[in-house]
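**Q** The sequence shown lines up with residues -24 to -1, 1 to 608 when you count with mature numbering (1 follows the signal peptide of the UniProt record, and there is no 0).
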Amino acid sequence: MKVTRLASALAAAAFGLASFSALADVPAPQDVPYQGTLKINVDATDLAHRIFRVRETIPAQAGPLTLLYPQWLPGNHSPSGAIDKMAGLVVKANGQVLPWTRDPLNVYAFHVDVPQGASGVEVEFQFLSSQDQRQGRVVMTPEMLNLQWNSVTMYPAGYFARQINTEASVKLPTGWQAGTALEVASKDGDTLNFKPINYDDLVDSPIYAGKYFKRIDLDPGAKAPVHMSIVADDAKYLEIKPEQIKPFQNLVQQMYKMYGAHHYDHYDFLVSLSDKMSGNGLEHHRSSEDGTSADFFTEWKKNALGRDLFSHEFNHSWDGKYRRGADLATPNFNVPMSDTLLWVYEGQTQFWGQVMAARSGLWDADQAHDMWAFTAATYDKGRPGLASFRNVQDTTNDPIIAQRRPLPYRNYQASEDYYSAGQMIWLDVDGQLRELSGGKKTIDDFGKAFFGMDSGKWDVNPYTFEDVVKTLNDIAPYDWAKYLRTRLDGHGPLIGGIESHGWKLVYTDKPSDAVKAIEARRHSADLTYSLGVSIGKGGSISDVLWDGPAFKAGLAPSMTVIAVNGRDYDPDALKEAVTASAKDKSQPIELLVKNFDQYQTIRIDYHDGLKYPHLVRDTSKPDTLTALLKAL
């Protein structure tokens, strides 16, 4: 009996729980080759029920065997493996059904005893994908599917994932085409058989497949091809104009010019144009999952602000997949991750996602400025929690704390702010590099030095905080450790990078085009910096700024606005009321709200008018923001 079992047994006896049996007895991963090859067959044809049916052959010796279902998912940074959707598990050996036991202290682990004379086990189960978004991401519709291998595989405990070889296949609905970073070895009817690949890289290589499919070459003639593989709700959404393709081709070249290297042998943007399958943004070494609305291309102008999804996820091939925080570079998918360096992994990628959107032409200069103003305002006045009890470093724990569940007061609680707060910190770093070097060094130099080595390699090259500091010091000597820790661990605004680049953040009564687009996209009225409230479709309150005017008057996110100053709620009517209250300071803004089954009138004594963020030039300083956003 191992110490863990003995301790559990003694504890159980002490509490009179003689029948209690706690296993938690999962072999630790070893960096040794797994003897044999996992053979994985997935049937993805049951569109009506949205079920993926799995059959695996797993080589094993006689004796105890622990099978793992992936728990800690790269890109999610959390123990979010959808084991609640795994069902129908049957394990066999030599044609006989074997009993299995789920570990009560580690519910992702399943224990079986392999009988003498058996050389492995056959595993069958189903992945019951979401029927609607209340159950999680919808990944299968009548027209398309998104197969993520972590949801349709089990693997043997005791090994590094990269030491386990696999041969995988998938059966698709008749006539469907697929995009994936996996290489097809053969095709048998509707079944795609993929070339052997290790389990770590298999999980890193999802599939988008669909009835309506299009493939676009983004780097014609390149030794390392880059394609966009697109599935759509209908063929009409695949009508893409050459001028819409050009910015994506530019994006590839801008990344190469900045980094000077790439970390794949070929790359696929896996794109879903769908209002049925859930949107998604997930990074991989040789591909990315990019889920947008169905009309992303056919309503090109309307969807401008969503275009940086592509530059963000593409950047992750360098930052996050190739270079990865050492505490995220775990040996398999059931070893806990630590997220302390997500302000680099996600924060700098958020930074480059927006910079490259501008450099490539996915955004024009005005769109880029509007989005920087929108983000800067968040870390000027829109995160009171970060100004008081939380800091950016602490938000790197949020993937584990909240796992992206909705929060009652997000602006106060903060949630994964390492993305956009990290973006603002890296803008600040660029300004400091320029100042220290007299304009000779920039964040581009850091990008090339930190991520731009060993072109073509797509293993994992881990780093630590000290590595980040050393690279910055090699570019421009400074106390970078203190500089970064002050911003990560401290409190207060994070808009120094705007100012150091020759611009100012101001608030006017006119919304920017970006704010207008965000409001249209979310069906919302964003009055965060005036009334201190954001109201969604139908008057539903989505957030109330902590200690803002609306909060102090008694408004809460649980409420629905029914009327404004005695008239039916309408976003424009509310904005008109705010404008009117600035002219007549004797009259509060009167809202009729519904709270559960109760109605009440809330009066907000606010008279400072509408306020929306904008960037304006500070002519006393050089304009280095324009230089940063300019194509190389």
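All residues carry an ideal CB built from backbone N, CA and C; glycine is no exception.
Output yes or no for whether 8 Å exceeds the beta carbon distance between V18 and L123.
**A** Along the sequence shown, read from residue 1 onward, the residue named residue 18 stands at position 42. Along the sequence shown, read from residue 1 onward, the residue named residue 123 stands at position 147. Yes, the Cβ-Cβ distance between V18 and L123 is below 8 Å.
**Q** From what residue to what residue does the beta strand (DSSP E) around R338 run?
**A** Working through the sequence shown from its first residue, we reach residue 338 at position 362. Strictly speaking, residue 338 in this sequence is Leu, with Arg absent from that position. Note, L338: premise wrong, no beta strand (DSSP E); not H, not E.
**Q** Quick check on this structure: which residue in D519, V90, N52, N367 has the alpha carbon closest to the alpha carbon of N70?
**A** For the purposes of this step, residue 70 is taken as residue 94 along the sequence shown, with counting starting at 1. Per the Cα distances, V90.
**Q** Can you find the residues in the same chain that come closer than 6 Å, C-beta to C-beta, to R579, ignoring five residues on each side of it along the sequence?
**A** Sequence index remark: in the sequence shown, residue 579 carries index 603 (1-based). Closer than 6 Å at Cβ, skipping near neighbours: P564, E566.
**Q** Count the other CB atoms, across all protein chains shown, that sit within 10 Å of the CB of T77; report buried if there are 16 or more and exposed otherwise.
**A** The residue given as residue 77 occupies position 101 in the sequence shown. Flag for T77 reads exposed.
**Q** On the three-state DSSP scale, how would you describe F136?
**A** Mapped onto the sequence shown, residue 136 falls at position 160. It is coil, neither helix nor strand.
**Q** Do P589 and L448 have their CB atoms nearer than 8 Å?
**A** Start at 1 with the first residue of the sequence shown, and residue 589 comes out as number 613. Start at 1 with the first residue of the sequence shown, and residue 448 comes out as number 472. Their beta carbons are not under 8 Å apart, which means P589 does not touch L448 by this criterion.
**Q** Looking at C-alpha atoms only, which residue of P547, G542, D420 is the closest neighbour of S500?
**A** As a first step, residue 500 must be located in the sequence shown, where it is residue number 524. Per the Cα distances, P547.
**Q** Please report the residue range of the beta strand (DSSP E) in which A501 lies.
**A** As a position in the sequence shown, residue 501 is number 525, starting the count at 1. Where A501 is concerned, the enclosing beta strand (DSSP E) stretches over 501 to 503.
**Q** At 4 residues or longer, and completely inside the region 198 to 252: list those alpha helix (DSSP H) runs for me, N to C.
**A** Runs found: 218 to 235.
**Q** So, at 6 Å on beta carbons, what are the nonlocal neighbours of N279 in its own chain, with the 5 sequence-adjacent residues on each side left out?
**A** For the purposes of this step, residue 279 is identified with residue 303 of the sequence shown, where counting begins at 1. So the qualifying residues of the chain are F272.
**Q** For A185, list the residues DSSP reports as bridge partners.
**A** Start at 1 with the first residue of the sequence shown, and residue 185 comes out as number 209. Answer by DSSP bridge pairing, in chain order: L121, A154.
**Q** I'd like to check one pair, N174 with T129: are the Cβ atoms closer than 8 Å?
**A** On the sequence shown, position 153 is the one that residue 129 refers to. On the sequence shown, position 198 is the one that residue 174 refers to. No. Outside cutoff.
**Q** So D284 and G329 are supposed to be a Cβ contact under 8 Å. How far apart are they, rounded?
**A** As a working note, residue 284 is residue 308 in the sequence shown. As a working note, residue 329 is residue 353 in the sequence shown. Indeed they touch by this definition, with Cβ atoms about 5 Å apart.
**Q** On a Cα-Cα basis, can you pick out the residue from S95, F28, L460, G508 that is closest to A63?
**A** Counting from 1 along the sequence shown, the entry for residue 63 is found at position 87. The residue with the shortest Cα to Cα distance from A63 is F28.
**Q** Rounding to the nearest angstrom, what Cα-Cα distance links V509 and Q389 in this structure?
**A** For the purposes of this step, residue 509 is taken as the residue at position 533 of the sequence shown. For the purposes of this step, residue 389 is taken as the residue at position 413 of the sequence shown. Roughly 15 Å between the two C-alpha positions.
**Q** Leaving aside the five residues before and after D266 along the sequence, list all residues of the same chain whose C-beta is less than 8 Å from its C-beta, in chain order.
**A** Here residue 266 refers to the residue found at position 290 of the sequence shown. Hits under 8 Å: F245, L246, V247, S248, N256, G257, L285, F286, E289.
**Q** Would you give the residue range spanned by the beta strand (DSSP E) that S396 belongs to?
**A** Locating residue 396 in the sequence shown gives position 420, where the first residue counts as 1. Not the beta strand (DSSP E): S396 falls in the alpha helix (DSSP H), residues 396 to 412.
**Q** Does the region 45 to 63 come within contact of the region 98 to 108, defined as at least 3 CB pairs closer than 8 Å?
**A** With the cut-off at 8 Å, the region 45 to 63 and the region 98 to 108 touch.
**Q** Helix, strand or coil for A607 per DSSP?
**A** On the sequence shown, residue 607 is found 631 positions in, with the first residue counted as 1. Looking at A607 - three-state DSSP - the assignment turns out to be coil, as it is neither helix nor strand.
**Q** Report the rounded CA-to-CA distance for L362 versus E475, giving the unit in angstroms.
**A** Residue 362 sits at position 386 when you count from the first residue of the sequence shown. Residue 475 sits at position 499 when you count from the first residue of the sequence shown. About 20 Å.
**Q** Return the chain-ordered ranges of every alpha helix (DSSP H) run that is complete within the region 297 to 381 and spans a minimum of 4 residues.
**A** Fully enclosed alpha helix (DSSP H) runs of 4 or longer: 318 to 321, 323 to 336, 341 to 354, 368 to 371, 374 to 377.
**Q** Between Y232 and L604, what straight-line distance do the alpha-carbon atoms span, to the nearest angstrom?
**A** For the purposes of this step, residue 232 is taken as the residue at position 256 of the sequence shown. For the purposes of this step, residue 604 is taken as the residue at position 628 of the sequence shown. Rounded to the nearest angstrom, the two C-alpha atoms are 16 Å apart.
**Q** Look up V469 in the DSSP assignment and say whether it is helix, strand or coil.
**A** The residue you call residue 469 lines up with position 493 of the sequence shown. Per the sequence presented here, residue 469 reads as Pro, with Val not at that position. In the structure shown, P469 sits in coil (DSSP, three-state: anything other than H, G, I, E or B).
**Q** Going by DSSP, which residues form a beta bridge with Q107?
**A** Translated into the one-based positions of the sequence shown, residue 107 becomes position 131. The partner list for Q107 (beta bridge, DSSP) is empty, contrary to what the question assumes.
**Q** Please report the Cβ distance between F189 and I206, rounded to the nearest whole angstrom; I am assuming they are in contact, meaning their Cβ atoms lie under 8 Å.
**A** The sequence position of residue 189 within the sequence shown is 213, counting from 1. The sequence position of residue 206 within the sequence shown is 230, counting from 1. Right, their Cβ atoms sit about 7 Å apart.
**Q** Give me the Cβ distance between V554 and L531, rounded to the nearest whole Å; I'm assuming they're in contact under 8 Å.
**A** Residue 554 sits at position 578 when you count from the first residue of the sequence shown. Residue 531 sits at position 555 when you count from the first residue of the sequence shown. With 8 Å as the limit, V554 and L531 do not qualify as a contact, their Cβ atoms being about 14 Å apart.
**Q** Hey, how far is the Cα of P46 from the Cα of S127?
**A** The residue labelled residue 46 in the question sits at position 70 within the sequence shown. The residue labelled residue 127 in the question sits at position 151 within the sequence shown. Between P46 and S127, the C-alpha separation is close to 7 Å.
**Q** Measure the C-alpha to C-alpha separation of D241 and A198 and round it to an integer number of angstroms.
**A** As a working note, residue 241 is residue 265 in the sequence shown. As a working note, residue 198 is residue 222 in the sequence shown. Distance between the alpha carbons of D241 and A198: 10 Å.
**Q** Who are the Cβ neighbours of K357 in its own chain at under 7 Å, not counting the five residues just before and after it?
**A** In the sequence shown, counting from the first residue as 1, residue 357 sits at position 381. Excluding positions up to five away in sequence, the list reads Y505.
**Q** Please find out if some non-hydrogen atom of the ligand FAD comes closer than 7 Å to the beta-carbon of G267.
**A** This structure lacks the ligand FAD; in fact it carries no ligand of any kind.
**Q** Taking 8 Å as the threshold, find out whether the region 342 to 355 comes into contact with the region 303 to 319 through three or more Cβ pairs.
**A** As far as the Cβ criterion goes, the region 342 to 355 does not touch the region 303 to 319, which means the pair count is below three.
**Q** Along the chain, where does the beta strand (DSSP E) that runs through Q576 open and close?
**A** Reading the sequence shown from its first residue, position 600 is the one you call residue 576. Unbroken beta strand (DSSP E) run through Q576: 574 to 580.
**Q** Alpha helix (DSSP H) containing Y388: first to last residue?
**A** Residue numbering aside, residue 388 sits at position 412 when the sequence shown is read from its first letter. Taken as a continuous stretch (DSSP letters only), the alpha helix (DSSP H) holding Y388 covers 386 to 389.
**Q** Quick check on R410: buried or exposed, where buried means 16 or more other Cβ atoms within 10 Å of its Cβ?
**A** Taking the first residue of the sequence shown as position 1, residue 410 is located at position 434. So R410 counts as buried.
**Q** By the 10 Å Cβ neighbour count, where 16 or more other Cβ atoms means buried, how is Y235 classified, buried or exposed?
**A** Working through the sequence shown from its first residue, we reach residue 235 at position 259. Buried.
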